[in-house]
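There are 2 protein chains.
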Amino acid sequence: MATANNDGLQVAGRRSLVDATIEQLREQLSAGTWPVGGKIPTEHELAERLQVGRNTVREAIRVLVHAGMLVSRQGEGTFVRSTSDPAAVLRGVQRSGVRDVLEVRAALETEAARLAALRHTPEDIARMRAALAREAEVIASQPERADRQATVEHDLEFHTAVVEAAHNPALTEVYRYFGASVHESMRTAFGDHEMPEVVVATHEALVDAIESGDPERAESACRELLAEPTAAVEQLLATIAARK
Amino acid sequence: MATANNDGLQVAGRRSLVDATIEQLREQLSAGTWPVGGKIPTEHELAERLQVGRNTVREAIRVLVHAGMLVSRQGEGTFVRSTSDPAAVLRGVQRSGVRDVLEVRAALETEAARLAALRHTPEDIARMRAALAREAEVIASQPERADRQATVEHDLEFHTAVVEAAHNPALTEVYRYFGASVHESMRTAFGDHEMPEVVVATHEALVDAIESGDPERAESACRELLAEPTAAVEQLLATIAARK
DNA sequence: CTTGCCCGGTTGTCCTACAACTGCCTGTGT
DNA sequence: ACACAGGCAGTTGTAGGACAACCGGGCAAG
């Protein structure tokens, strides 16, 4: 993935003092230097100890507070809330490859298709068909050199509609993240022009399967649907590897 | 989950200026005020526009940078990296119910089982069997009133081993988070004592299925495995609803 | 036309000062 | 001796200024 150095090591330079401070604090936190619920040194003392300005310490602490590791209370101090960093999970995901992210998305979507078969409402089906119709329209209007950007957007819209039909907010939110992540990392890994094209027929098969109410059928239809882009991605990865 | 007001609204007071600034920026970002890859106003201008100090703006920006929404480059400016907030995903998930989280976990694990059937190594199988053996040992030593804490830990260990056998780092990390989240939210929703008990036989069936290398068989075995606790959770939710 | 330098703009860091708030300690009145 | 109010020291929150580090483009000299 092209998105490197989020907070950790910079590509080829020294990282900022704030980032260094964050890392120091994170290390001491996971090392258990201060007990959970306990108070960490004051900003002033940390600044003196680490030989940085109080502002730098403040920015570092603020980041860790928003990461859920610390809690600050004005007039009292800053306290340890958790020694593990939940945000590290997503950072790790952002670093991983296209194939891995794609598989996670597939996991979420096939299960969503199963649940959608059991819980869908007429409105859900309508939304899927609408997105599909828009997609088909764009493709029909430009048989050659279709506007990738637009089709990708409609495609994402369709898949989101499928997941929403599962009526599971947690699943929807996680999928929304991975859906965007997949497209983003594909765009950076390959060019815009090499995006795998979409096949409307398999999409319609999935809608029919969900409407039938059979989870097994929905799952296999979804798997069929995802097989195409997966194969395309594998092929692209192979050609890129060969080019190198 | 017990972790409430992370950044949003404080329990009973006005939130800090920095948090207000963060929220303002987040809103404008997801509203698409600035295009992805585009430059946001300078710290100086934002400070003047929002009527806060530059320090306040800096802390807000620093948080969003570490959340993956912005990128700062010294001498150039601060740029939009993503209009969706990955951290918001986790926060939303933490707020959702046990059933929803359980379904997400199931989605990840069944797909993991499929992949594990295709990619597992002898070491993976050994790790699963080892965890299973420890689990069986604990149960055998205390047929009645088994030590829930220990069995839950070993159970999690087993499931983690299954997911790791899929050899997908992104999947592993996401699952690790959901696995912990599921157990935590179950512990808070129900008591410790009401945790559904584990059945070793179905676990062994899953290992055998993975070892056979048949993804379909692995998936159905995994589904069978997850059906038990799911049913137990549904029942518990029903009794709790009835109690109310 | 090329090259090197300078300059305005922007983020990074530090400092001081003060505001807002908390908990404790102390002084005072009963 | 005890209760209570007030102040006081300590801590985080916010503001603003100053300078350093760095980038990009414009400009002038060759």
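Just so you know, the sequences run in chain order A and B.
Quick note, in our numbering, the first sequence goes up one by one and the last residue is 268.
Quick note, in our numbering, the second sequence goes up one by one and the last residue is 268.
Note that beta-carbon positions come from the ideal geometry of N, C-alpha and C, so glycine has one too.
Range covered by the beta strand (DSSP E) that runs through residue i
i       : result
V122(B) : Counting along the chain, V122(B) falls outside any beta strand (DSSP E), though it belongs to the alpha helix (DSSP H) covering 122 to 143.
Residue i - partner residues in DSSP beta bridges
i      : result
L94(B) : V104(B)
Cβ distance (whole Å) where residue i is taken to contact residue j below 8 Å
i       : j       : result
H68(B)  : R78(B)  : 6 Å
S96(A)  : V89(A)  : 6 Å
S205(A) : V76(A)  : That belief does not hold up - the Cβ atoms of S205(A) and V76(A) are roughly 34 Å apart, past 8 Å.
I234(B) : H144(B) : 6 Å
A141(B) : G61(B)  : Rounded, the Cβ-Cβ distance is 41 Å, inconsistent with contact.
L156(A) : E228(A) : 7 Å
V186(A) : M152(A) : 6 Å
L41(B)  : M93(B)  : That pair is no contact at about 19 Å.
E127(A) : E135(B) : 7 Å
R183(A) : E258(A) : Note on residue identity: the sequence assigns His, not Arg, to residue 183(A). Not quite, the Cβ-Cβ distance comes to about 20 Å (not below 8 Å), so this is no contact.
A160(A) : A245(A) : Not quite, the Cβ-Cβ distance comes to about 18 Å (not below 8 Å), so this is no contact.
V189(B) : D148(B) : This sequence places Ala at residue 189(B); Val is not what is there. Sure, about 4 Å apart at Cβ, within 8 Å.
A130(A) : L250(A) : 5 Å
R123(B) : L261(B) : 7 Å
T102(B) : K63(B)  : 7 Å
D109(A) : R50(A)  : 7 Å
V223(B) : E243(B) : Actually they do not touch by this definition, with Cβ atoms about 18 Å apart.
V87(A)  : R86(B)  : 6 Å
Residue i: first and last residue of the uninterrupted alpha helix (DSSP H) it sits in
i       : result
I234(A) : 224 to 236
A71(A)  : 67 to 74
S40(A)  : Careful: S40(A) lies outside any alpha helix (DSSP H) and carries neither H nor E.
For residue i, three-class secondary structure by DSSP
i       : result
V257(B) : helix
V35(B)  : Because V35(B) sits at a pLDDT of 35, beneath the cut-off of 50, its placement in the model cannot be relied upon, and the point is left open.
N30(A)  : Low confidence applies here, because N30(A) scores a pLDDT of 39, under 50, leaving its location unreliable and the question unanswered by this model.
M25(A)  : Residue placement at M25(A) cannot be trusted, given a pLDDT of 34 that sits under 50; the coordinates are not used to answer.
TODO: Let me know the beta strand (DSSP E) ranges lying completely inside the stretch 175 to 210 of chain A, each 3 residues or longer, listed in chain order.
DONE: No beta strand (DSSP E) of 3 residues or more sits fully in the stretch 175 to 210 of chain A.
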